[in-house]
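S.K.:
There are 2 protein chains.
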Amino acid sequence: MNNKITLLSQELSTLVNQLNDNLEKVMVVLFGRCSAFFDGRIKSHFTDGDRVLMIKKDLTILLHGSSGVKPVQWQLAGAGKVTFNVKSDIQLQMETYRPKTDESFFINFSEVYLALCYNIFEFDEAASIIGHERDFVEYLIKNPEIIEQNLQIIDSEKEIDFGFIDIWAKDLSNNCVIIEVKRTMATPADAHQLKRYVDFFQKKGEEVRGILVATGFPKKVKNYLKSFNLESCIVPWQDIFPTITRPSSVSQTKRLDDFF
Amino acid sequence: MNNKITLLSQELSTLVNQLNDNLEKVMVVLFGRCSAFFDGRIKSHFTDGDRVLMIKKDLTILLHGSSGVKPVQWQLAGAGKVTFNVKSDIQLQMETYRPKTDESFFINFSEVYLALCYNIFEFDEAASIIGHERDFVEYLIKNPEIIEQNLQIIDSEKEIDFGFIDIWAKDLSNNCVIIEVKRTMATPADAHQLKRYVDFFQKKGEEVRGILVATGFPKKVKNYLKSFNLESCIVPWQDIFPTITRPSSVSQTKRLDDFF
DNA sequence: GTATGCATCTCGGGA
DNA sequence: TCCCGAGGTGCATAC
Numbered sequence: 000m001n002n003k004i005t006l007l008s009q010e011l012s013t014l015v016n017q018l019n020d021n022l023e024k025v026m027v028v029l030f031g032r033c034s035a036f037f038d039g040r041i042k043s044h045f046t047d048g049d050r051v052l053m054i055k056k057d058l059t060i061l062l063h064g065s066s067g068v069k070p071v072q073w074q075l076a077g078a079g080k081v082t083f084n085v086k087s088d089i090q091l092q093m094e095t096y097r098p099k100t101d102e103s104f105f106i107n108f109s110e111v112y113l114a115l116c117y118n119i120f121e122f123d124e125a126a127s128i129i130g131h132e133r134d135f136v137e138y139l140i141k142n143p144e145i146i147e148q149n150l151q152i153i154d155s156e157k158e159i160d161f162g163f164i165d166i167w168a169k170d171l172s173n174n175c176v177i178i179e180v181k182r183t184m185a186t187p188a189d190a191h192q193l194k195r196y197v198d199f200f201q202k203k204g205e206e207v208r209g210i211l212v213a214t215g216f217p218k219k220v221k222n223y224l225k226s227f228n229l230e231s232c233i234v235p236w237q238d239i240f241p242t243i244t245r246p247s248s249v250s251q252t253k254r255l256d257d258f259f
Numbered sequence: 000m001n002n003k004i005t006l007l008s009q010e011l012s013t014l015v016n017q018l019n020d021n022l023e024k025v026m027v028v029l030f031g032r033c034s035a036f037f038d039g040r041i042k043s044h045f046t047d048g049d050r051v052l053m054i055k056k057d058l059t060i061l062l063h064g065s066s067g068v069k070p071v072q073w074q075l076a077g078a079g080k081v082t083f084n085v086k087s088d089i090q091l092q093m094e095t096y097r098p099k100t101d102e103s104f105f106i107n108f109s110e111v112y113l114a115l116c117y118n119i120f121e122f123d124e125a126a127s128i129i130g131h132e133r134d135f136v137e138y139l140i141k142n143p144e145i146i147e148q149n150l151q152i153i154d155s156e157k158e159i160d161f162g163f164i165d166i167w168a169k170d171l172s173n174n175c176v177i178i179e180v181k182r183t184m185a186t187p188a189d190a191h192q193l194k195r196y197v198d199f200f201q202k203k204g205e206e207v208r209g210i211l212v213a214t215g216f217p218k219k220v221k222n223y224l225k226s227f228n229l230e231s232c233i234v235p236w237q238d239i240f241p242t243i244t245r246p247s248s249v250s251q252t253k254r255l256d257d258f259f
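Those protein sequence lines, which keep their order, are chains G and C. Number 230 in numbering that gives the first Met the number 0 belongs to position 231 of the first sequence; there are no gaps in the numbering. Number 172 in numbering that gives the first Met the number 0 belongs to position 173 of the second sequence; there are no gaps in the numbering.
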């Protein structure tokens, strides 16, 4: 094929050896019909179905079905030994145990359509990401007038007994203002989180306002904020942060011959 | 190969047509070196690296790297049209847009090691799972003495203005007892959630106790509970629920010839 | 190692 | 459809 992909044997006794030899060295991918059992933090069982099994170099194990982002079953990296074997000459089985969490994972393939190794190169895969909550907090600290005119920022990411306060400020009347920042729609839990921060300061006898910043406020959350005398502030983040420009130029140093 | 797996062309202009023709009909999997851009709820960019692209029949798109359970980038099902095209004769590009969330996803392959279609059969993939929170709540309702002697269960999964109460009971002194059940270690948010429920009943002038059930209580959570006058109860779920027995027999109706 | 909270959380259930 | 909470949450980060 090429030096990156190796198709494995369709003969089970050979396949088993190929698989066991290559685990942890390359990524292994199997396409087949299988049933699966997981026993650990929860106990789950899937009956026979067409799936994709992906075993990464760190022994992360993913079993994907025909839809959805989440695997139907999986095991986190750090399994103990993963072993394949053949049962009764006709079924391929995978068995693993992850001691750290006392979890075991067992898959029984009634059919293997294709098995391959992928000699994936370990890049430093850190993403460049814009839009974490932290980015928004920093933006608001530099542009507090988005929330309210004449806010004086005092501190941010400040730890108190009940957690971390995103932004701590004072308003024109010298009231203490606690600001909690969310990058999504506000939830009841968000409102309550803010409430407990405000309570903390009020217990110390201070005059305190609380403002929840989010992209939207469902009715229930609005009611909750109102009943606790907290304020809301809608900030449409999508309109504030610019689009990443998509580089569409092709490197001139690569030529068609480089690929195959 | 077989009727399940079709290896696609290594010639880009042919590959593009094969891909576009098969999307939504089968699962498509590509192994290659690519850079990728996602712009939506967040903006993220990955530079060139070896990855696996999986496009499921529901147009869930997963881009997996060499480690970890989570894809490095992804898009939920329900993209608008997904299109492949060839750029400057030497790069394969994928482009998608998901109107619902105004998200776009763009991948540029500098190399394609292998591309294939997987004619995955749509089973009803519902899992049989034991160990959901609901199972624990039901167990406690049948065995309330695990929490406390002489508890009288009044109701469960009861909706109040601020959410659903797991278990609502009365103790020997006829006090109202609100019980919140967690299947994991208790978190500060759990403690606050319970406080929310207890506050609701106290406002109605009732004498209320709150008990948080979990497998463990970090010190900070203990402190929260204490300051809120709430109680804790450790229940070691893993010791209570039995192991799923693993069927290891092979169906006698299948023979080796059935497989290849 | 444990604990804590964010996340493109994803997903399912209920209104 | 929106809203809400559970999750085998995963995962980085701070301690």
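A virtual CB, placed ideally from N, CA and C, is assigned to each residue, including glycine.
Since I believe V180(G) is in contact with K169(G) (beta carbons under 8 Å), could you give me their beta-carbon distance rounded to a whole number of angstroms?
M.R.: With 8 Å as the limit, K169(G) and V180(G) do not qualify as a contact, their Cβ atoms being about 17 Å apart.
S.K.: With DSSP collapsed to three states, give me the class of L14(C).
M.R.: helix
S.K.: State the CB to CB distance for the pair Q72(G) and S43(G), rounded to an integer number of angstroms; the pair is presumed to be in contact (CB under 8 Å).
M.R.: Indeed they touch by this definition, with Cβ atoms about 6 Å apart.
S.K.: Among the candidates D47(C), V68(C), K194(C), whose CA atom is the shortest distance from the CA of K56(G)?
M.R.: V68(C)
S.K.: Any beta carbon from chain C within less than 8 Å of N149(G)'s own beta carbon?
M.R.: no
S.K.: Given that a residue counts as buried once 16 or more other Cβ atoms are within 10 Å of its Cβ, and exposed if not, what is E110(G)?
M.R.: buried
S.K.: Below 8 Å on the Cβ atoms is my guess for P187(C) versus G162(G); work out the distance and round it to an integer in Å.
M.R.: 7 Å
S.K.: In chain order, what residues of the same chain lie with their CB nearer than 8 Å to the CB of F258(C), ignoring the 5 residues before and after it?
M.R.: Low confidence applies to F258(C): its pLDDT is 25, below 50, so where it sits in the model is not reliable, and the reading given next is rough at best. Cβ neighbours of F258(C) beyond the five flanking positions: none.
S.K.: Could you tell me which residues DSSP puts in a beta bridge with D38(G)?
M.R.: Its beta-bridge partners are K42(G), S103(G).
S.K.: Could you pull the start and end residues of the beta strand (DSSP E) that V212(C) belongs to?
M.R.: Looking at the DSSP string, the run of the beta strand (DSSP E) that includes V212(C) is 207 to 213.
S.K.: Residues in its own chain within less than 7 Å of M277(G) by CB, not counting five upstream and five downstream?
M.R.: No information on residue 277(G) is available, as it lies outside the stretch 0 to 259 that chain G covers here.
S.K.: For the beta strand (DSSP E) holding L91(C), just list the boundary residues, first then last.
M.R.: 90 to 97
S.K.: To the nearest angstrom, how far is it from the Cα of D189(C) to the Cα of I178(C)?
M.R.: 11 Å
S.K.: Give the residues from the segment 127 to 147 of chain G that approach chain C closer than 8 Å (Cβ to any Cβ), ordered along the chain.
M.R.: For the segment 127 to 147 of chain G, the set of positions with a beta-carbon nearer than 8 Å to some beta-carbon of chain C reads S127, I128, I129, G130, H131 in chain order.
S.K.: Tell me which same chain residues have a C-beta within less than 6 Å of the C-beta of E320(C), skipping the five on either side of it?
M.R.: No answer is possible for residue 320(C): it lies beyond the span of chain C, which begins at 0 and ends at 259.
S.K.: Which residue's Cα is closest to the Cα of S231(G): Y223(G), D238(G), N107(G)?
M.R.: Y223(G)
S.K.: Comparing alpha-carbon positions, which option in V25(G), L18(G), Q17(G), Y96(G) lies nearest F120(G)?
M.R.: V25(G)
S.K.: DSSP on D257(C), reduced to helix/strand/coil?
M.R.: The pLDDT assigned to D257(C) is 29, lower than 50, so where the model puts this residue is not dependable; a value taken from the coordinates is nonetheless given after this. In the structure shown, D257(C) sits in a helix (DSSP, three-state: H, G or I).
S.K.: Rounded to a whole number of angstroms, what is the C-alpha to C-alpha distance between I239(G) and P98(C)?
M.R.: 19 Å
S.K.: Name the residues in the segment 44 to 58 of chain G whose C-beta lies less than 8 Å from a C-beta of chain C; which are they?
M.R.: H44, F45, T46, D47, G48, D49, R50, V51, M53, K55, K56, D57
S.K.: Check whether the Cβ atoms of H191(C) and H191(G) lie closer than 8 Å to each other.
M.R.: yes
S.K.: So Y112(C) packs on G31(C), CB below 8 Å; how close in whole Å?
M.R.: The beta carbons of Y112(C) and G31(C) sit about 5 Å from each other, so the pair counts as a contact at 8 Å.
S.K.: In chain order, what residues of the same chain have a beta carbon less than 6 Å from the beta carbon of L61(G), not counting five sequence neighbours either side?
M.R.: Leaving aside the five residues that flank L61(G) on each side, the residues in its chain whose CB is nearer than 6 Å to its CB run, in chain order, M53, P70, W73.
S.K.: Along the alpha helix (DSSP H) that carries S226(C), what are the first and last residues, could you check?
M.R.: Here the alpha helix (DSSP H) through S226(C) covers 218 to 227.
S.K.: Using alpha carbons as the reference points, say which of I41(C), S155(C), Q237(C) lies closest to Q237(G).
M.R.: I41(C)
S.K.: What is the rounded straight-line gap between the Cα of K219(C) and the Cα of L229(C)?
M.R.: 13 Å
S.K.: Kindly indicate if chain G contains any beta-carbon less than 8 Å away from that of Y260(C).
M.R.: Missing from the structure shown is residue 260(C); chain C here goes from 0 to 259 and no further.
S.K.: Hey, how far is the Cα of I152(G) from the Cα of Q201(C)?
M.R.: 36 Å
S.K.: Could you pull the DSSP bridge partners for S231(G) from this structure?
M.R.: L211(G)
S.K.: Name the chain C residues that come within less than 8 Å of Q192(G), Cβ to Cβ?
M.R.: A188, H191
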